[in-house]
Amino acid sequence: MKTLLLIRHAKSSWNDPDQDDFDRPLNKRGKQNAPEMAIRLLGRGLSPELVISSPAKRARSTARIMAKEWNYPREAILLEEELYLCYASTFLKVITRIDDDFSTVAIFAHNPGITDFANYLTEEIRIDNVPTAGVFAISANTEKWEDFDRADKKFLFFDYPKSEEAI
């Protein structure tokens, strides 16, 4: 069994309109929401064995903040260039390269790709938008990440900072 946590980066700052999109940092709310969501995942008994992130500053920062709550080593976070503003199909390319020794993996990325990919994975639930710091969790009945796309999947939950109760 494999568990995938799709996590959108936390809220980023738009204070500097001239700042390159790739280099936008987290704002105050983003820095508060990221550890909160990591703790919620721990409360569900989920702590990733592998963390993969877009290299964009806001995604990287979110991954680092959450990894700290999970006692996951910052230097072990894998940065995947192709996750920056990618299409849904790119997630599958990244997933098929994951070492099969890892059962629970967190991927930090951006919209609209992360919402599109979440909707691709299941017909049980439709999501209009994965909000910042939102987590979409799904399990796949497989022992190999390369078979993730073809495996039977089970929607686990969808949670985000402003939700009253996770779906």
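Taking my numbering, I'd label the letters of the sequence shown as residues -16 to 150. Each residue gets a CB set at the ideal place from its N, CA and C atoms; glycine is no exception.
Please give me, in chain order, every unbroken run of the alpha helix (DSSP H) with length at least 4 that falls completely inside the stretch 57 to 131. 71 to 79, 96 to 104
Taking 7 Å as the limit between beta carbons, can you name the residues of its chain near A50, skipping five residues before and five after? V34, R57, I60
Taking just the CA atoms, how far does T(-14) sit from L29? 9 Å
So T151 and E129 are in contact, right, with Cβ under 8 Å, and what is the actual spacing, rounded? Since the first residue shown for the chain is -16 and the last is 150, residue 151 is missing from the structure and cannot be characterised.
L33 lies in the beta strand (DSSP E); which residues open and close that run? 33 to 36
Please classify D142: does DSSP put it in a helix, a strand, or coil? strand
For the beta strand (DSSP E) holding L(-11), just list the boundary residues, first then last. -15 to -9
Where the alpha helix (DSSP H) containing S216 begins and where it ends: Since the displayed the chain opens at -16 and closes at 150, residue 216 lies outside it and no answer follows.
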